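Below is one structure, written out as C-alpha cells; comments come after it.
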Amino acid sequence: PIPTDKKENIDKGFQVLEDWASNVLFDGEEIEKERGVVLEESRLGKGAQDRMRKQYFPKLFEGSKYADRLPIGKEDILKNFKHDVIN
Numbered sequence: 213p214i215p216t217d218k219k220e221n222i223d224k225g226f227q228v229l230e231d232w233a234s235n236v237l238f239d240g241e242e243i244e245k246e247r248g249v250v251l252e253e254s255r256l257g258k259g260a261q262d263r264m265r266k267q268y269f270p271k272l273f274e275g276s277k278y279a280d281r282l283p284i285g286k287e288d289i290l291k292n293f294k295h296d297v298i299n
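For what it's worth, this note's numbering labels the leading residue of the sequence shown as 213, then goes sequentially.
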C-alpha cells in the first residue's frame, strides 16, 4: 500500500504504475536468461498431467485462447520471438 498522508507519495506511486504499464525497457541479455527459465519450466511441466490437460482444457476453456495453450505460451514462440516485439 502507498501511504496517502503525503501528496508526493501518491504522485510517486502513480509514476511507478505508469512506468510499469508503458515505459518498461527490457535488456536483451535479461530476456535470454528468462527465456531459458521459462522453457525449463515448460519442460518440467510435461508428463502424464500435461497429456490429461490437453484432453480437458479444450472443453473447460472452450472459446478462450487457453483452450489451445497454457498461459506460459507456445514453445515455438518462446524459443523464437525477437526482443523488439516486447520493447
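Ideal placement from N, C-alpha and C gives every residue a C-beta, glycine not left out. On a predicted model such as this, the values are computed, not experimentally measured, just so you know.
DSSP places K294 outside both helix and strand once states are collapsed to three, so it counts as coil. Per DSSP, G259 lies in no alpha helix (DSSP H) segment and is marked neither H nor E.
In the structure shown, P213 adopts coil according to DSSP, grouped into three states.
Listed in chain order, the non-local C-beta contacts of P215 below 7 Å within the same chain comprise N221, local neighbours out to five positions each way being set aside. G225 and A279 have their C-alpha atoms roughly 37 Å apart. When C-alpha distances from I284 are compared across Q267, G275 and D262, the shortest belongs to D262. For L237, no alpha helix (DSSP H) run applies, since DSSP gives it neither H nor E. 8 Å or more divides the Cβ of F238 from the Cβ of I289.
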